[in-house]
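Chains A and B, in that order, give the protein sequences. My numbering numbers the first residue of the first sequence as 1 and each following residue consecutively. My numbering numbers the first residue of the second sequence as 1001 and each following residue consecutively. We treat Cβ as the ideally placed atom computed from N, Cα and C, and that holds for glycine. Worksheet for the structure shown next.
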Amino acid sequence: MERLLSGDLYPSPHRLSLCGKIILFDCKRASATHDSERSELIFCSLSFEREVNAFVKAADGAAVISRKRSARVDVVKCKCAINVQKRVTTPCVLVTKKSKKGLSFQYSLLTLSSSNRLESCIEFKLPYQMRDNVSILRGPTVAWSHAGNVFHASLQTGEVRQIPLQLSHCVIGELPLHTEQVFVLGLQSLPDQCSNTHSTGQALGYFVQSGQVFDGNMILPHPYVCITRCILVLSAEKVDDVLKSAVVAATSNQQLVLFENGIVKDVCQLPFDQPENIQVVNTGRNGCLLVISFHQGHVCAMWKETFQIASHWSSVSSVHVDDFLGCGTDQMLLLFKDRDLTEPLEKFLLTDLCGISYSRGQDSGAPTTPPPPPENDLLTLRALESRLQSGLTVLQELQREMRVKSRVLQQSVQALTNAVSGRETILSQHEQEGLVALWDCDDDDEDEKLKDEKTQDMPAVSSQPQVDKLWHRIAEERLVVGVMLTTDSSVPVASVSLSILTETGQSSTPAVIQAQSQVFWLPAPCSSSSSSSSSLPSAHTFSEPAAKRSKQHNVGRPTDLNTCRLAVTAVARLTPLLISGCVKCRVMLHYVQRRDAFAGVSNPTPVVLHCGQVALDIHSNFQTQLLKTPELKTDDAREDLLSLMALLDRWVFHIDSPDHSLGDVDSWIHKLAGCRRIEASPQYLLLNSSGPSALMLLHWHQISPFQGELSVHASQLQTLQFLDSLLAYLPTSCSIRSVRGTRGQGAAQMLPLALEKELVSLRECVSLLLCEEEEEEEEEKRKSLGHEETPEPGSVKGLQRCREVFQGDVERSKTRLSPLVDVWRYRRLTQNMSKLQLDGDLAALLDLDAQRTLLS
Amino acid sequence: MHQPLCLLDSWSQENNEAVNKWKQLEGGGDALTRDQSQNHSRLIWCSSEFHKLLRKIQGIPPIADHTQLELTVVYNACVCSIAQSQFSEAELLLTRATERVLQMTEDDSAASDPPVFWRTALKSVGNTALKPRVLYLLCLQWAIWLATCQLKTIQGFQDELLSVFETLSAGVWEEERSASRRKSSDIPLLVMDQRRLIELLQICTLIAQGAERLSEGQSSEALSGLHTASALPAPRTLIAYTHLLSGSCLAHMSRPQMALQCYRMALETDSRCVCALYQSMLIYRQLGNTQAEIQALRLLHSTLMLPSATEPALAGAHLLPPSLLLRSQSLSSLLSVPAALSVLHSLALKCVLHERVSEGVECYLDLLAALHSEDQHGVHAEGPPLPKLPELYLQAGAALLMARRPADCMALCDEVITTSLELLPGKVVLEEPVEKCEAETGTLCAEGEDRVGMLLWVGAAYLLQGHCHIHLRDWKQAVTHYTRCFNLLVKVHFKKRGCQPQIPSADMVGMQGTDLCILQRLKGLSLAGRGISFTQIDQNREALRDLQLSMQAFPECTGAGLWCGEVLWRLGRRREAVACWEKTWSLTPQSSVQSLSVYLQEPQSGPLLDSTELRRRIQELRPTLSA
């Protein structure tokens, strides 16, 4: 492992622990005779005696390294390593012998045998001095790096070998595997590599024994390779040829990082700089401790499970992990630095932080374990707190649920007892219960409003509206015909619509072409027939299929009829016109005089007005003027705009943001790409990003800082796209409600159709059921009814007759209230009905959905 | 071989998981079901998660590929730190992150001065893809400056901050959105929408600056900033603040009606903006519109009593609540509202003083009930403190008497008397205030104040009881109580510097509202009351003595003057009587009478003399006088 040494290259003392003993190595120059001086390596093994609370000498010995006087002998490193041949862990010590000239260095690795004899194991000579990154590994193997190369020498090879990879920033470690234990990790050094910003550097691994190259990312992700100062492999196994490993590495960024299979699992900030060694202490039941020793004698211990600092010490000369007490679990032995190193191991702390603690020579006053940094406390506390909180949350939620359930139970019981005792049950409002109603129950207000409006006084004078201008546009496959009308404000008209009639030449009866009519109210002054700046505030659509559904005309707002200028448009498909070979069409205006509006639907007086003829030119294209230059303010541009509005589907959205103001939506729309203001009607913005199919007309009306109304004239998809991007701009809490607009006909009519169908089939089914049972009876009655003359309701006598007939009916129906029917038929009926009702419900739900919120 | 997940991806995932979890917590469940502490713990969890991740990311040297992610995590961690008010920690995160970015781009030594540092950072980032991320960090720095009230720094950095907004609004968001749509799993997510953050920062900065300018007296400058602020997209509360501050500016520029409009707008915008209500009440008070003031006070009180009024809006729903960014002293003083009880007291007093006695009485009773039910909490709220309890009792008593409920008034006075009587200074102690008082200013020293104050309270209680008995036409009892009051009062000696202690007289009264003044007033009123009582039991001599003494002690006492004349008339000293009446009528009512407590006012309920009758008598007498 890497070692950074300052000043003294190999600091003494050299100690290692083995089998509960601590072994001290030292080089000594012993002068045997005056002229011949020999250098000796002496060792001394000590074991801990509990009784005296001290280490006592167990064995000692010495070995002569050199007899030359000039040679200087130093211990480079000592460490326990497994001797592969003997299959035992032996203490190894690497000794260097420097020649006098300092040109060559003799290295020898000595092992201490079980009989306490030092034996030379490997010897080699190097032309340089090992500086850093010297490791004694299993084998025993000595590995070191020098000048960008990694070398190793082991008992097996017996010689120095170089790893055939150019690696920068190498990390040497060993895996606890059966084979291929010793590995070297490094970054493949590329020639053009900068010092810091290696973006795609590959971490390569190399097994020393087998010479196999593997992906280093499996052990250590490549950004970590160059900052790793020391490494410890906690576990490793090969599953299906895939290496699984758990590794801790101390980095130069003061962090200890836990990797599992090359993924960063946890990080802990270290309290000191320059980590040198990581050891693991197995304290038995209490889990494992990681002991990290740092340069300059700092040591810190952390729990492996929590990855939290447990304790740290300073001015420690060395740390050893072994079962010094012989109790079956590991302890760590901290040997403290002493000013006078007269007696070895005079000052020590033997502890596992879980109850075992022996110390000697330490200042009694000073706390042996300074409290861990407060941030760790804080983190632990926070973790505990959050766990507590989450538990509390769960508990509270359960309690709440329980309360709700018990309430429901209570209410049910109450209702039941009430039902039994015949009292009326007062059900609480759903809001009160925090429930959401599935349907609205208050729609009566609207109706009343409408009634009120209808009962307004109306002037009785009638006059024809004046047709100012008739125009038409052709867009793609559709024809837009428009009429500008001026009506006398005293004579309001309702249910205004246009229809287009084909002139089939010879034939005298013109055909009506299916068209969709819309009315735009123009708030222009009444007196001036040619309005200067007409703005288009509102548009109402009347769908007018060939089979006219008269009721749809009532959709319009009759109150708006005070305004006297309006534009009526009709959109029709172009193809039927062209098929019929027609080039000229008549345009008819339909309207109802307003005074009839409150007289009832029974006798409306629809008026038809011939507005003129439209000559179709198949080659004319749609409103290029407005699209090209929305700045135009001509009448043509206005007509273009109107026809655009008639063509495009209209959607009105009410945007409500209860607790966040909307900001300047108008300018946001204006800033959109391809958005231009239409000068003819400046509140409209034209969004023309690509082609006429993607046209969009937008109108933003800000009601308050928190509310606004957005009208969009565009296709459905486009509207949705626009709303999506608008939603990103709007506050998250805001709601968009589709107020009204021209939706697809199918959707709009689905509910009424479903209801109609349901009603009709119910009637038919029931009548069928009853009819077949009582056919003859029915027949008879019909006859009897037919014989009677219809009574005139005017006279008293007639009234009397009517009453009699009615009472007779009532009697009869009473007797028929519970008729006997065939059970199979009845079952079939109910089945059919439930199917139909299901359809109706679905349609109602869809309709409700569409009405309330188009987008939730 | 199995390919391990790339660091970048796994960290990205971790970040997104934490963000999603937070968003889920933020969005899930309505505000009612979540309380503050729960939210806080969630925030702490998120914060530790982001910090842990950041430690991992910053554990390796900066890599260009990781910068986007790193800055995102820095943003997230920093937002969490700011949300926990750990500003220095957040600032440290920002500088460290920016330094790492700088390390990558160029090896510039970073300046220690924050603005310079940020300028170099922005310059070195240039227009690369990193720019938006660095700008986000700058936004967080902005938030820290704002939260730590470094408005000057923000002012100096205004141009850059504005350009931040411009840059980010010009399509960057759209790009990010479209990018995130493409591959949402790979893009590191932000825990707080940066656009919302910028919007919040903008309006909060404008509000803080407005408040600062307002406190510096630059109302018109403040007004323009606030006007722009009111159109910005922002939470309801903040929009209300802009209106409120505009109102305050206008009030400072002496445009009270416009200010009222602004306050109304603030209230309309956010019904919880009680400070607007309070400020409008102050304006009404300033304008002398008492009815409106009372109305405002009533509204204010009922609003303050609502449970939602006290808790801040959007509690915990957002990561960075506006209150975190608006911490300036000048703003908080503008936003402060007195406690509900204090408002109730002002309301009660106002009602009593302005002919709405029955309402005032109700308010007083509510107040006393509230004080009894929560005598520990609620009393010590911010704002002007409530008067002491005996004072409140006496005021309530006076109000009750005005409302013709003498029995209740007497009960309250009894309460005051029984609680204080034992604590009253004895004869020996009596000399004490005299020893230490200073005649020039008329203030009595703090040590004696309590005792003198207590004595005055008890005196006033007796006085009120006397009034009650007068009201009940129980003249003898009235005499007894007035005598008790008077006996108590004569115990107070007054000492001018260098002189011997003496019984104070009317000419020594300096300022209104001082203890001495109250003392003299009490004396005058009690003597007058006793005198009037004597007149009713035909002890005219005693009556005359008391009334004359009363007029000596408290010359402005009209009741005493009129009755003195009446007694003189009855005794046949008609000329003196006329002189006495005319002198009394010539007295101008004291302007500062309102500054005195209600119970020190002359009673309205005693036996009255018809002034027309008196004038008739004078008219009758005139010919004889002139003859």
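- Counting only runs of 4+ residues, the alpha helix (DSSP H) found wholly inside the segment 1356-1413 of chain B occupies 1357-1373 and 1389-1402, in chain order.
- Two segments are said to touch when three or more pairs of C-beta atoms, one from each, lie closer than 8 Å; by this definition the segment 351-360 of chain A touches the segment 283-296 of chain A.
- Your pair Leu1347 of chain B and Ile1294 of chain B checks out as a contact, with CB atoms roughly 7 Å apart and the cut at 8 Å.
- When DSSP states are grouped into helix, strand and coil, Thr228 of chain A belongs to the strand group.
- Arg573 of chain A has A:Arg478 as its beta-bridge partners, per DSSP.
- Collapsing the DSSP output to three states places Glu709 of chain A in a strand.
- Taking every protein chain shown into account, the CB of Lys28 of chain A has fewer than 16 other CB atoms within 10 angstroms, so this residue is exposed.
- Taking the Cα positions, Ala1411 of chain B is about 10 Å away from Leu1400 of chain B.
- For Gly1059 of chain B, the residues of chain A that pass the 7 Å Cβ criterion are Thr251, Asn253, Gln255, Val257 and Val267, in the order they occur in the chain.
- Counting only the Cα atoms, Val1074 of chain B lies some 8 Å from Leu1137 of chain B.
- Just so you know, the alpha carbons of Val766 of chain A and Cys802 of chain A end up roughly 27 Å apart.
- Residues His654, Ile655, Asp656, Ser657 and Leu662 of the same chain have their beta carbon placed closer than 8 Å to that of Gln707 of chain A, with the five preceding and five following residues left out of the count.
- Residues are counted here when their Cβ sits less than 8 Å from a Cβ of chain A; for the segment 1223-1235 of chain B these are Ser1230, Ala1231, Leu1232, Pro1233, Ala1234 and Pro1235, given in chain order.
- Secondary-structure assignment with DSSP links Met332 of chain A through a beta bridge to A:Val321 and A:Thr351.
- Interface flag for Trp1045 of chain B against chain A is set, since a Cβ pair is found closer than 8 Å.
- For Glu260 of chain A against Ala246 of chain A, the beta-carbon gap comes to about 5 Å, under 8 Å, which counts as contact.
- By the Cβ test, the segment 1111-1122 of chain B is not in contact with the segment 1286-1304 of chain B, since fewer than three Cβ pairs between them sit closer than 8 Å.
- With respect to the 8 Å criterion, Val84 of chain A and Gly139 of chain A are classified as neighbours on the basis of their beta carbons.
- In this structure, Ile678 of chain A lies away from Leu687 of chain A, with their beta-carbon atoms at least 8 Å apart.
- When DSSP states are grouped into helix, strand and coil, Leu94 of chain A belongs to the strand group.
- DSSP links Glu49 of chain A through a beta bridge to A:Ala54.
- CA-to-CA, the gap between Ile703 of chain A and Leu710 of chain A works out to about 10 Å.
- For Ala1292 of chain B, same chain residues with a beta-carbon under 7 Å away, outside a window of 5 residues either side, are Tyr1284 in chain order.
- DSSP places Val247 of chain A in the strand class (E or B) of the three-state scheme.
- Residue pairing for Thr502 of chain A: DSSP places it in a beta bridge opposite A:Cys585.
- In this structure, the CA atom of Met332 of chain A is about 46 Å from the CA atom of Leu1140 of chain B.
- Spanning the alpha carbons of Gln466 of chain A and Gln516 of chain A requires a straight line of approximately 22 Å.
- When secondary structure is reduced to three states using DSSP, His1318 of chain B falls in the coil class, being assigned neither helix nor strand.
- Three or more beta-carbon pairs drawn from the segment 1042-1055 of chain B and the segment 377-387 of chain A are found closer than 8 Å, and the two stretches are therefore classed as touching.
- Burial of Ser1342 of chain B is indicated by the presence of at least 16 other C-beta atoms within 10 angstroms of its C-beta.
- Approximately 4 Å separates the beta-carbon atoms of Phe307 of chain A and Asp266 of chain A; this is inside 8 Å, confirming the contact.
- In the DSSP annotation of this structure, Gly663 of chain A is not part of any alpha helix (DSSP H), being labelled neither H nor E.
- The distance from the Cβ of Val614 of chain A to that of His713 of chain A is about 23 Å, inconsistent with a contact at the 8 Å cut-off.
- Taking a beta-carbon distance threshold of 8 Å, Ile736 of chain A does not count as an interface residue toward chain B.
- Straight across, the Cα-Cα distance linking Thr1148 of chain B with Pro1390 of chain B is about 43 Å.
- One Cα belongs to Cys1080 of chain B, the other to Ala673 of chain A, and the distance between them is close to 36 Å.
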